[in-house]
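Numbering (the working numbering), first residue to last: 1187 to 1913.
Note that beta-carbon positions come from the ideal geometry of N, C-alpha and C, so glycine has one too.
Everything numeric in this text was worked out from a predicted model, so none of it was measured.
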Amino acid sequence: MNRILAELADQQKIQDMIASHEPFMAILAEVTKMVAREMPSAIVTFMLFDPTDETLSLVAGDGLSETYREAMQRVKIGPQVASCGRAAATRKIVITRDISDDPNWADYRGIALAENLRACWSIPVTMTNDTLLGTFSTYHPTPGIPTDDQLVLIMRAAGLLAFALARQQDQRALRIQSQRYQSLFNYHPDAVFELDLQGRFVAANRGSENIAGFAQENILGLHFNEFLKSEHHDIAQQAFEQALKGTPQNYEVVAYNINGDEYLIDVTNLPIIVDDEVVGVYGIAKDITSQRESELKLHFQRSHDLLTGLSNRVGFESRLAEDLPLAKGHVAVLLINLDGFASINDGLGHAVGDRLLQAVAKRLVDGLEPGDFLARFAGDEFGVLLTERNRVEQALPVVEGLLSLLAKPFVIDEHVVHVSASIGVALGRASSKNACGLIQHAHLAVREAKSQGRNTWEWYVGDVDSTVREHIELRRELLEAVEQNQLVLFYQPLVDAVTSEMTSLEALVRWRHPERGMVPPGDFIPLAERTGQIIDLDRWVLRTACHDLGRINAGREEPLSVAVNISPVHFRRNGFFDEVKQALDESGLSPEKLELEVTEGLMMAGSEKAIELLQNIRNLGVRVAIDDFGTGFSSLSYLRQLPINKVKIDRSFIHDIDTGRENAAIVEGIITMAHHLGLEVVAEGIETDSQRSDLVKRRCDILQGFYFSRPVPLEELLKLPQQLPEA
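This is the structure we're talking about:
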């Protein structure tokens, strides 16, 4: 939190300096200090762009030798010119991990290495219209790439410099203009003009030229509306006519300057009365663009969340109220509530919690499309507004995509943090005109999603329409699937990590639909969990797997065991223990050959009842495994309290274990601690021999994945050799 406050203080100081028109070099020095404080080993530099010959010249770079400074003068920009030249030419961030082997540094490598410069991260400093101002860079003594926080920092620094330069250029232009015409304006900053009875300019002072840029001779004889935005013609005409009747008028309209740019003016119209007769109208116009921009900035601060930079609830409600009638109610509101955020905030501290919220906001922004509107309401609650017709009609894939996006691990200050989300969806209607009511509907849907076990979504019950009819139909057909034996079990082998001998199986349900063909598990299992049909599915899988194992083990010297996934909804249901016992009794399966896989989140809920039930299951002789370990907010030390035999490392940590240091370290820690606790460790998602070899070296006990075998039906399983993969 102190670091965030320090960054905010730095930014505020720099913004105050910009607002006070302090010299650019002083502002640059403060920006350099801000970055150097977070990256103390870095050399922070700025190169100024000269558009006349398209070159960059180093103007700031404490710590660089005079020789290097001289070499960095009037450097031609180009896509192959080191880091800064490339960043300037491409208008993109350039990250040079190692100067020593980067071909773009061929002409400057020697002098850079002599300065002990090994890495360079350069970002172009541009105005909003992409006009290049310079490049902002950090040099580093060791090869490397920036972290997300470092990248955000240098982007923020570049933005501040762009703002400062643009403001100073604007101020310089205004100052020159003011000095050039000051004597002609008679020190009057406003435009004063006279209109005839038809609204044509009869006279105009030099102030008119100062504001609009039109020479006096180009104004005379023209109607005032020729200089105004068409939408404001009626306003100006009505005010003019009232002035002709003897009533002074004051109003605001948007005008065009000589370049066609829009600006806002405050206009006062006064009747010119001669001998009790109105003979014309005086006008006084004042440019209030900057004043209005300041008001808009203040409004922005009132309607936006300072932590994430997103709109806040006030801004969201305002946007929804505007869009609802325009879209004729064809909108979708998504309310996203993080699951278990309070535990993370309390366990790891509010600073980590704040950075997690910032990371969540960034991930949501990346996962949405430009036309979507995202806001942070409060705490761990975010809102999304979909207004484009195709996005509203595809709201369900959007929701599921966001759930998947948030399920991926976050790395916050060396903490690997896992969160899930509950999402409520409310659809507008042509008759819906109440933004707050629609948000409330989404709140009710979130509450329902929470009650369904979290990490899921729910529609507001009043929103059932064509968008969800297919899911309603799928729900009905799923009920028939259980009753009409459309379900089949596939089995995926688990092998001993050292011998590659098959040791056990995981039972995975598949749905062979008579018309749709094979329905992907991702289409019906989440649906079954939301509707409660997962209980019937679980029962069927449990009974069938226990029965099949007798046939599978017939004639085997070393009998296999079978693992069955148990939904939290089913596990918490009264009578679950009796169902397990009944499945064993009916099949005659030895209890130690059955393993139940439960999720980490089920245990982390802290339910004493859940732990007691697991202990009773263990007392039967049935083995228990924690599935997808590492995807919830938990600790290995907590495993000591749980009556389990095994942990299964989630596949998300495995896919780059042989190349990614972070995931490799996490896996290493899980294996080591689990072994100390006397637990077996299974790694899921093995797809390559390199992954297999890496996990063997790390002393993982059991491996599972496509490298050994895909999930196969029973008849194919019986044909598999004992040692996998097949030669």
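- Message: Using only the alpha-carbon positions, how far apart do residue 1831 and residue 1866 sit?
- Response: In the sequence shown, counting from the first residue as 1, residue 1831 sits at position 645. In the sequence shown, counting from the first residue as 1, residue 1866 sits at position 680. Computed Cα separation, rounded: 6 angstroms.
- Query: How should residue 1310 be labelled, buried or exposed, when 16 other C-beta atoms within 10 angstroms of its C-beta is the threshold for buried?
  - Reply: Numbered from 1 along the sequence shown, position 124 holds the residue referred to as residue 1310. Classification of residue 1310: buried, given that the 10 Å Cβ count is 16 or more.
- Measure the Cβ-Cβ separation of residue 1643 and residue 1611 and say whether it is below 8 angstroms. Taking the sequence shown and counting its residues from 1, the one referred to as residue 1643 is at position 457. Taking the sequence shown and counting its residues from 1, the one referred to as residue 1611 is at position 425. Yes. Within cutoff.
- C-beta contact flag for residue 1298 and residue 1307 at 8 angstroms: On the sequence shown, position 112 is the one that residue 1298 refers to. On the sequence shown, position 121 is the one that residue 1307 refers to. Contact: no.
- With a CB to CB cut of under 6 angstroms and the five nearest residues on each side skipped, what residues in its chain are close to residue 1262? Position 76 of the sequence shown, counted from the start, is the residue given in the question as residue 1262. Closer than 6 angstroms at Cβ, skipping near neighbours: 1241.
- Item | 7 angstroms CB neighbourhood of residue 1803 in its chain, flanking five on each side removed | Residue mapping note: residue 1803 aligns to position 617 of the sequence shown, counting from 1. 1763, 1766, 1782, 1810.
- Below 8 angstroms, can you find three or more Cβ-Cβ pairs linking the region 1228-1240 to the region 1249-1263? yes
- Message: Just to confirm before moving on: does the CB-CB distance between residue 1744 and residue 1909 stay below 8 angstroms?
- Response: Mapped onto the sequence shown, residue 1744 falls at position 558. Mapped onto the sequence shown, residue 1909 falls at position 723. No, the Cβ-Cβ distance between residue 1744 and residue 1909 is not below 8 angstroms.
- Item | Any non-hydrogen atom of the ligand GTP within 7 angstroms of residue 1877 CB | This structure lacks the ligand GTP; in fact it carries no ligand of any kind.
- Under 6 angstroms Cβ to Cβ from residue 1289, same chain only, skipping five residues before and after it: list those, please. Along the sequence shown, one-based indexing puts residue 1289 at 103. Excluding positions up to five away in sequence, the list is empty.
- N-terminal and C-terminal residue of the beta strand (DSSP E) that residue 1294 is part of: Here residue 1294 refers to the residue found at position 108 when the sequence shown is read from its first residue. It is not in any beta strand (DSSP E) - residue 1294 carries neither H nor E in the DSSP assignment.
- Query: Can you tell me the Cα-Cα spacing of residue 1660 and residue 1709, whole angstroms?
  - Reply: Taking the sequence shown and counting its residues from 1, one reaches residue 1660 at position 474. Taking the sequence shown and counting its residues from 1, one reaches residue 1709 at position 523. Each residue's alpha carbon lies about 9 angstroms from the other.
- Item | Secondary structure, alpha helix (DSSP H): runs of 4+ residues fully inside the region 1450-1506 | 1475-1489
- Message: So that I know if they touch, is there some Cβ in chain B lying closer than 8 angstroms to that of residue 1538?
- Response: The question asks about chain B, but that chain is absent: this structure has only one protein chain.
- C-alpha distance - residue 1266 paired with residue 1323, whole-angstrom precision: By 1-based counting over the sequence shown, the position of residue 1266 is 80. By 1-based counting over the sequence shown, the position of residue 1323 is 137. Distance between the alpha carbons of residue 1266 and residue 1323 is about 16 angstroms.
- Could you name the residues of the same chain whose beta carbon sits closer than 6 angstroms to that of residue 1903, not counting the 5 residues immediately before and after it, in chain order? Taking the first residue of the sequence shown as position 1, residue 1903 is located at position 717. Cβ within range, chain order: 1677.
- Query: Taking all protein chains shown into account, do 16 or more other C-beta atoms lie within 10 angstroms of the C-beta of residue 1617, making it buried, or fewer, making it exposed?
  - Reply: Numbered from its first residue, the sequence shown carries residue 1617 at position 431. Because residue 1617 sits at a pLDDT of 42, beneath the cut-off of 50, its placement in the model cannot be relied upon, and the following sentence gives the value as read from the coordinates. So residue 1617 ends up on the exposed side.
- Boundaries of the beta strand (DSSP E) in which residue 1611 is found, first to last residue: Taking the first residue of the sequence shown as 1, we reach residue 1611 at position 425. 1606-1613 is the span of the beta strand (DSSP E), which, as asked, contains residue 1611.
- Message: Rounded to the nearest angstrom, what separates residue 1769 and residue 1760 at their Cα positions?
- Response: Position 583 of the sequence shown, counting from 1, holds the residue named residue 1769. Position 574 of the sequence shown, counting from 1, holds the residue named residue 1760. Whole-angstrom Cα-Cα distance: 16 angstroms.
- Straight-line CA distance for residue 1396 to residue 1508? The count along the sequence shown starts at 1 and reaches residue 1396 at position 210. The count along the sequence shown starts at 1 and reaches residue 1508 at position 322. Whole-angstrom Cα-Cα distance: 37 angstroms.
- Query: So residue 1751 is in the beta strand (DSSP E); what residue range does that whole segment cover?
  - Reply: Numbered from 1 along the sequence shown, position 565 holds the residue referred to as residue 1751. Note, residue 1751: beta strand (DSSP E), 1747-1751.
- Query: residue 1523 bridges to which residues according to DSSP?
  - Reply: Walking along the sequence shown from the start, residue 1523 turns up at place 337. Beta-bridge pairing links residue 1523 to 1567, 1608.
- Message: Less than 8 angstroms between the C-beta atoms of residue 1400 and residue 1444, yes or no?
- Response: Taking the sequence shown and counting its residues from 1, one reaches residue 1400 at position 214. Taking the sequence shown and counting its residues from 1, one reaches residue 1444 at position 258. It is a contact, given that the beta carbons lie within the stated cut-off.
- Message: Suppose contacts are defined by Cβ-Cβ distances below 8 angstroms. Is residue 1609 in contact with residue 1588 by that definition?
- Response: By one-based count along the sequence shown, residue 1609 stands at place 423. By one-based count along the sequence shown, residue 1588 stands at place 402. A contact, by the Cβ cut-off of 8 angstroms.
- Could you say if the region 1478-1495 and the region 1513-1526 meet the contact criterion of at least three C-beta pairs nearer than 8 angstroms? no
- Item | Buried or exposed by the 16-neighbour rule on C-beta atoms within 10 Å, applied to residue 1878 | Taking the sequence shown and counting its residues from 1, the one referred to as residue 1878 is at position 692. That one is buried.
- Distance, Cα to Cα, residue 1213 vs residue 1350? For this step, residue 1213 is matched to residue 27 along the sequence shown. For this step, residue 1350 is matched to residue 164 along the sequence shown. Using only the alpha carbons, I get a separation of about 8 angstroms.
- Task: Identify whether residue 1536 lies in helix, strand or coil by the three-state DSSP scheme.
- Result: Position 350 of the sequence shown, counting from 1, holds the residue named residue 1536. Helix.
- If you pair each beta-carbon of the region 1547-1565 with each one of the region 1627-1643, do three or more pairs fall below 8 angstroms? no
- Query: Smallest Cα separation from residue 1485: which of 1352, 1786, 1500, 1474?
  - Reply: Sequence index remark: in the sequence shown, residue 1485 carries index 299 (1-based). Ranking the options by Cα distance to residue 1485, first place goes to 1500.
- Message: Does the contact criterion of 3 or more C-beta pairs under 8 angstroms hold for the region 1373-1389 versus the region 1339-1353?
- Response: no
- Task: Pick helix, strand or coil for residue 1895, following the three-state DSSP scheme.
- Result: Stepping through the sequence shown from its first residue, residue 1895 is reached at position 709. Residue state, collapsed to three classes: coil.
- Message: Could you pull the DSSP bridge partners for residue 1971 from this structure?
- Response: Nothing can be reported for residue 1971, as the shown portion of the chain is limited to 1187 through 1913.
- Secondary structure at residue 1580, three-state DSSP: helix, strand or coil? The count along the sequence shown starts at 1 and reaches residue 1580 at position 394. In the three-state reduction of the DSSP assignment, residue 1580 falls in the coil class.
- Query: For the candidate residues 1622, 1383, 1477, 1748, whose alpha-carbon lies nearest to that of residue 1681?
  - Reply: By 1-based counting over the sequence shown, the position of residue 1681 is 495. If we check each option's Cα against that of residue 1681, 1748 comes out closest.
- Query: Does DSSP put residue 1442 in a helix, in a strand, or in coil?
  - Reply: Here residue 1442 is taken as the residue at index 256 of the sequence shown, counted from 1. Here residue 1442 sits in strand by DSSP.
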